[in-house]
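Numbering (the numbering used here), first residue to last: 637 to 843.
Positions of the beta carbon are idealized from the N, C-alpha and C atoms, including for glycine.
Working notes for the structure below.
Okay, structure coming up:
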């Protein structure tokens with residue numbers, strides 16, 4: 637078996653393991669193939685093969701949603717797939733803030749149980765309006781470089797939260813359809829968890 641084929645199969649198996657950690661497809665919001673989301677003029681990677689955009693409306697105050705999304709250390713209390721999260725700097729969440737967080741990867745025929753570690757840095761931020769962060773995600777046999785944009789807009793009935801993310805890297809680009817499906821499920825699960833936490837008060841200390 638050629639090295640390239642072996643690497644693609646290894647990546648496929650590992651990505652299916654990640655797919656197993658994501659929630660089943662959910663109605664967080666439809667895919668929005670329109671203009672890319674931006675924060676202070678910066679968006680996702682326009683040339684990425686792996687990309688997804690989705691949105692939902694959350695019936696909660698904007699400040700509650702913003703606090704949940706930017707209080708990184710508390711993500712594990714409401715975001716089901718995150719096993720740990722820590723800020724790498726101090727003070728308000730702002731441009732230049734960095735944080736490290738982990739996701740579980742279950743065992744599979746190619747690799748044992750492990751974790752995916754993501755180190756993200758905020759490149760652009762407008763308080764109460766948008767966030768854009770970038771950074772690598774690494775696990776045994778896998779590296780993904782991601783760009784993630786979030787926007788928050790007050791609308792009748794609450795706040796529309798939209799998110800778009802791109803992934804690049806030789807492993808995910810070898811199996812873009814699988815990688816895109818995993819990204820889709822991950823983003824929709826994130827929005828669903830954020831909606832539940834904001835609307836019920838879980839993860840905020842408000843019950």
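Looking at the secondary structure, which residues open and close the alpha helix (DSSP H) in which residue 698 lies? For this step, residue 698 is matched to residue 62 along the chain shown. Unbroken alpha helix (DSSP H) run through residue 698: 698–706.
Using only the alpha-carbon positions, how far apart do residue 739 and residue 722 sit? Here residue 739 refers to the residue found at position 103 when the chain shown is read from its first residue. Here residue 722 refers to the residue found at position 86 when the chain shown is read from its first residue. Roughly 13 angstroms separates the two Cα atoms.
In or out: residue 706 buried (at least 16 other Cβ within 10 Å) or exposed? If you number the chain shown from 1, residue 706 lands on position 70. When all chains shown are included, residue 706 counts as buried.
Residue 822 by DSSP, collapsed to three states: which one? For the purposes of this step, residue 822 is identified with residue 186 of the chain shown, where counting begins at 1. In this structure, residue 822 counts as helix in the three-state DSSP scheme.
Measure the C-alpha to C-alpha separation of residue 725 and residue 756 and round it to an integer number of angstroms. Within the chain shown, the letter at position 89 stands for residue 725. Within the chain shown, the letter at position 120 stands for residue 756. Answer to the nearest angstrom: the Cα atoms are 12 angstroms apart.
Which residues bound the alpha helix (DSSP H) around residue 808? Counted from its first residue, the chain shown places residue 808 at position 172. Element bounds for residue 808: 806–810.
Roughly how many angstroms lie between the CA atoms of residue 680 and residue 719, to the nearest whole one? Position 44 of the chain shown, counted from the first residue, corresponds to residue 680. Position 83 of the chain shown, counted from the first residue, corresponds to residue 719. The alpha-carbon atoms of residue 680 and residue 719 are separated by roughly 26 angstroms.
Report buried or exposed for residue 836, applying the criterion of at least 16 other Cβ atoms within 10 angstroms of its Cβ. As a first step, residue 836 is located in the chain shown; it is residue number 200 there, counting from the start. Exposed.
Residue environment, residue 831, which counts as buried when at least 16 other CB atoms sit within 10 Å: On the chain shown, residue 831 is found 195 positions in, with the first residue counted as 1. Buried is the call here.
Which class does residue 740 belong to by DSSP, given the choice of helix, strand or coil? Within the chain shown, residue 740 is the residue found at index 104, counting from 1. Strand at residue 740.
Consult DSSP for residue 684 and reduce its assignment to one of helix, strand or coil. In the chain shown, residue 684 corresponds to position 48, counting from 1. The answer is coil: DSSP assigns residue 684 none of H, G, I, E or B.
Could you check if residue 727 is buried or exposed, using at least 16 other CB atoms within 10 Å of its CB as the buried criterion? The sequence position of residue 727 within the chain shown is 91, counting from 1. With fewer than 16 other Cβ atoms within 10 Å, it is exposed.
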